[in-house]
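Asker:
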Amino acid sequence: MKYAAICTLIALSLLPGASLHAQGSAPLQRETSPGEGLRRTRLYLKDGTFQVVLSYTVKGDYVYYLSAERGAQQEAIPVRLVDLDATHQWEQRADAQRNGVPAVQIDPELAKEEADRAARTPEVAKDLHLPESDSVLALDTYHGQPQLAILQQTDGELNRQTAHNILRQTINPLSHAHQLIEIKGQSAPVQLHVNDPEFYVRMDDEDPTYNGGGAFHVDTDSTKGRKVDAPSPKSQYVIVAVDVRRDVRVVTSFSIGLLGSAKQQADIVETTTSLLPGGHWLKIVAKQPLRMGEYALMEVIDEKTVNTGVWDFGVHPMAAANRDAILPEARRAPVLAPRRSGP
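Residues -22 to -1, 1 to 321 in mature numbering (1 follows the signal peptide of the UniProt record, and there is no 0) are what the sequence shown spells out, letter by letter.
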């Protein structure tokens, strides 16, 4: 009996796929998913965003990649939308970190240039940036949306413009209040909808009338030969409540020496100023809320001199939207091209 049992066991062991561990089961083969074993990387786009991919290849006018976010599905995107340089740089840094190699240091000069570029168009509200052009803007809110209203400069004689001209006029501290500027019309073209707007003044105005960044002359019939200078971050700014008369608004003189003192002046709202990082923009905020009415933002150059080129605006919550206002603009991911059957 023992001999027969042993013979039977030996015979079973010789059968294909047989095992001495009769009660055990054969090991299962693990199923592999598409893209398994590939390393995740980033495919950078020219708008600054990126796609997480498992692999990519450039063929013709398209970049084909396996999306890590959509189960290794193959997708295609026009190569003109892809920033291959940024993609390769990220891959090099990632490889260096995985291998324990210190990351390559960015050229300090290039980093400085990039920071300066960003400082020229800083973000003042979500997805709302100051522009590369225009000199003076007001941060407004219309129907819950932040907007930048472009203020135009006028001295009552010059044509309206968005450049920053400086037209000096001395105010005698001993003189009585008198008319400085008369602006045509009962209301300003720009009407703000909040009583606490922020103002932004460009410090490096690149208006074409500048001569190498130095002084220039305003050539009009009434102001011909009047010398003006470039903007200075040392200037003070006040908000003047204008006197609205028949078809005109009048800006009246005030005492510069009283600015910053405890004594308040009628029709004058003082402000605080701060230079934004990079030195390209000056931020101006009123020290108190503005009532409904018409105003002029005026630059005070020194203890005796003001700039008679002012930026007029009104504060009326029910006013219509400002034409040409700059609106928030979020960065959008590009629309992917339809998948094709082959490269």
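Quick reminder that beta carbons are idealized off the backbone N, C-alpha and C, glycines included.
Given this structure, state the Cα-to-Cα distance separating E92 from W68, to the nearest angstrom.
Answerer: Each residue's Cα considered, the two are about 17 Å apart.
Asker: I need the straight-line Cα distance from A264 to D174, nearest angstrom please.
Answerer: 7 Å
Asker: Applying the criterion that 16 or more other CB atoms from any shown protein chain within 10 Å of the CB defines a buried residue, is E277 buried or exposed?
Answerer: buried
Asker: Once the 5 residues before and after Q164 are set aside, which same chain residues still bring their CB inside 6 Å of it?
Answerer: V222
Asker: Between the C-alpha atoms of A54 and G38, what's the straight-line distance to the nearest angstrom?
Answerer: For A54 and G38, the distance between alpha carbons rounds to 11 Å.
Asker: What are the boundary residues of the beta strand (DSSP E) that L21 is part of?
Answerer: T19 to Y22
Asker: Span of the alpha helix (DSSP H) holding Q75?
Answerer: L62 to R76
Asker: Counting only runs of 3+ residues fully inside the region 220 to 271, write out the beta strand (DSSP E) ranges in chain order.
Answerer: 221 to 223, 226 to 230, 246 to 253 and 259 to 264
Asker: Would a C-beta distance cut-off of 8 Å place P306 and L115 closer than the cut-off?
Answerer: No; because the gap between Cβ atoms is not below 8 Å, this pair is not in contact.
Asker: First and last residue of the beta strand (DSSP E) that includes E104?
Answerer: The residue you asked about is not Glu; residue 104 is Lys in the sequence shown. Element bounds for K104: n/a, residue is neither H nor E.
Asker: I'd like to check one pair, W289 with L117: are the Cβ atoms closer than 8 Å?
Answerer: no
Asker: Would you mind sorting Q29 into buried or exposed? The rule is 16 or more other CB atoms within 10 Å of its CB.
Answerer: Taking every protein chain shown into account, the CB of Q29 has 16 or more other CB atoms within 10 angstroms, so this residue is buried.
Asker: Between which two residues does the beta strand (DSSP E) holding N285 run?
Answerer: Where N285 is concerned, the enclosing beta strand (DSSP E) stretches over T283 to V293.
Asker: Could you tell me whether the region 298 to 305 touches the region 279 to 289, using the rule of 3 or more Cβ pairs below 8 Å?
Answerer: no
Asker: What does DSSP give as the partner residue(s) for D118 in the beta ladder?
Answerer: Paired residues: Q125.
Asker: Here's the rule I'm using: 16 or more other beta-carbon atoms within 10 Å means buried, otherwise exposed. How should V31 be labelled?
Answerer: buried
Asker: Helix, strand or coil for V57, going by three-state DSSP, please let me know.
Answerer: helix
Asker: Pick out whichever of V172, M296 and H142 has its Cα sitting closest to the Cα of T119.
Answerer: It is V172.
Asker: Contact between the region 58 to 73 and the region 19 to 26: three or more CB pairs below 8 Å?
Answerer: yes
Asker: Grouping DSSP H, G and I as helix and E and B as strand, with all else coil, what is K212?
Answerer: coil
Asker: Exposed or buried, which one is Q266 when buried takes at least 16 other CB atoms within 10 Å?
Answerer: If you draw a 10 Å sphere on the C-beta of Q266, you find fewer than 16 other C-beta atoms in it, and that means exposed.
Asker: Short of 7 Å in beta carbon distance, which residues of its chain neighbour E101, apart from the five on each side in sequence? Order them along the chain.
Answerer: Once the five neighbours on either side are set aside, the close Cβ partners of E101 are H107.
Asker: For a quick check, are the C-beta atoms of P56 and Y40 less than 8 Å apart?
Answerer: yes
Asker: Between which two residues does the beta strand (DSSP E) harbouring R301 extend?
Answerer: It is not in any beta strand (DSSP E) - R301 carries neither H nor E in the DSSP assignment.
Asker: Could you tell me how far apart the beta carbons of H156 and P209 are, in whole angstroms, since I believe they sit closer than 8 Å?
Answerer: H156 to P209, Cβ: 26 Å. No contact.
Asker: Can you give me the Cβ contacts of T99 inside the same chain, cut-off strictly under 8 Å, excluding the 5 residues immediately before and after it?
Answerer: Result list for T99: H107, L108, P109 and E110, in chain order.
Asker: From the DSSP output, read off the bridge partner residues of L145.
Answerer: L145 pairs with nothing; no bridge assigned.
Asker: Look up T35 in the DSSP assignment and give the residues it is bridged to.
Answerer: Y42
Asker: Tell me whether E92 sits in a helix, a strand or coil according to DSSP, three-state version.
Answerer: helix
Asker: With H, G and I counted as helix, E and B as strand and the rest as coil, what does DSSP make of R48?
Answerer: coil
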